[in-house]
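Student:
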Amino acid sequence: MVESGKKFNVVAISGSLRAASTNTVLLQLAKELGKDKLNIEILDIKGVPLYDGDIEAAGIPEQVKTIAAKIAAADGLYLATPEHNYTISAALKNIIDWVTRVQPNPLSKKPIAIATAAAGGAGGARAQYDLRKILVFSQSHVLPSNEVQIGANYLKFGQAGEFTDEAGKQALQGQVDAFAEYIAFVQKGYGQ
Numbered sequence: 001m002v003e004s005g006k007k008f009n010v011v012a013i014s015g016s017l018r019a020a021s022t023n024t025v026l027l028q029l030a031k032e033l034g035k036d037k038l039n040i041e042i043l044d045i046k047g048v049p050l051y052d053g054d055i056e057a058a059g060i061p062e063q064v065k066t067i068a069a070k071i072a073a074a075d076g077l078y079l080a081t082p083e084h085n086y087t088i089s090a091a092l093k094n095i096i097d098w099v100t101r102v103q104p105n106p107l108s109k110k111p112i113a114i115a116t117a118a119a120g121g122a123g124g125a126r127a128q129y130d131l132r133k134i135l136v137f138s139q140s141h142v143l144p145s146n147e148v149q150i151g152a153n154y155l156k157f158g159q160a161g162e163f164t165d166e167a168g169k170q171a172l173q174g175q176v177d178a179f180a181e182y183i184a185f186v187q188k189g190y191g192q
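Just so you know, UniProt numbering puts 99 at position 99 of the sequence shown, and the rest follows in order with no gaps.
(1) If we require 4 or more residues per run, which alpha helix (DSSP H) segments fall completely within the segment 27 to 59?
(2) Would you list the one or two residues that DSSP bridges to Thr-87?
(3) Residues in the same chain with beta-carbon distance under 6 Å from Ala-184, minus the five sequence neighbours each way, listed in chain order, please.
(4) Any contact between the segment 46 to 55 and the segment 142 to 157? By contact I mean 3 or more CB pairs, one from each, below 8 Å.
(5) Where does Asn-105 sit, in a helix, a strand or coil, going by DSSP?
(6) Tell me the start and end of each unbroken beta strand (DSSP E) in the segment 111 to 141 that is at least 3 residues and wholly inside, in chain order.
(7) According to DSSP, what are the bridge partners of Tyr-78?
(8) When you compare the CB positions of Val-11 and Leu-43, do they come within less than 9 Å of one another, or not?
(9) Taking 8 Å as the cut-off, does the segment 94 to 109 touch the segment 16 to 32 (at least 3 CB pairs, one atom from each stretch)?
(10) Check whether the segment 118 to 133 touches the segment 159 to 167, taking contact to mean three or more Cβ pairs, one atom from each stretch, closer than 8 Å.
(11) Which whole-angstrom value is the C-beta distance of Leu-77 and Gly-15, which I expect to be below 8 Å?
(12) Could you tell me whether the Cβ atoms of Ala-180 and Phe-8 are closer together than 9 Å?
(13) Please name the residue, chosen from Tyr-182, Lys-109 and Val-176, that lies closest to Ala-80 on a Cα-to-Cα basis.
(14) Indicate whether Ser-89 and Gln-139 have their beta-carbon atoms separated by less than 9 Å.
(15) Do Ala-115 and Asn-23 have their CB atoms nearer than 9 Å?
(16) Measuring CA to CA, which of Ala-167, Val-136 and Thr-87 is closest to Asn-105?
Written out as structure tokens, the structure is:
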């Protein structure tokens, strides 16, 4: 149980680079819904170069170092991704590839929550499954329940980008609450 008044610092990454990304909207809504429990900072991954060993050999880009440092310093990481061809977006895979090159690996033992918004009816379930597999490599602590998978996202966001699906909002609220509890659980050493 989270101590009364305790707030966790969480960084968030949207796997979509689009200005009107529904996944970014989910993270913005999570920030609002969790404001009493989580301080969420949404990180910008636009402009991160495609992972390349030659670039790494010349020096990890400063933007990557900054993102990795923010992840390392945070109590948790919130990820939201669209589903592209039954998997996570290339942008999200790229930032994961980069930050895991920074040592110590900032994803190791990090509590992580995953949300997806996708056009398909499964709501990004396949992307979530793949993302969970990828995070096994980093020994991350992925929230095991309270999954948020928003299907037919084009019907659930208004013209101004607002999330209009009440059931989806309730699911996101449940995830935010569970994530705060999960971070507390991991910090007490139960997830080690």
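Here a beta-carbon is modelled for each residue, glycine too, at the ideal position from N, C-alpha and C.
Tutor: On the basis of the coordinates in this document:
(1) As far as the segment 27 to 59 is concerned, its whole alpha helix (DSSP H) runs of at least 4 residues are 53 to 58.
(2) His-84
(3) Val-2
(4) no
(5) coil
(6) 111 to 117
(7) Ala-12 and Ala-113
(8) yes
(9) no
(10) no
(11) About 12 Å; that fails the 8 Å criterion.
(12) yes
(13) Nearest option by C-alpha distance: Val-176.
(14) no
(15) yes
(16) Its Cα nearest to that of Asn-105, the residue Val-136 stands out among Ala-167, Val-136 and Thr-87.
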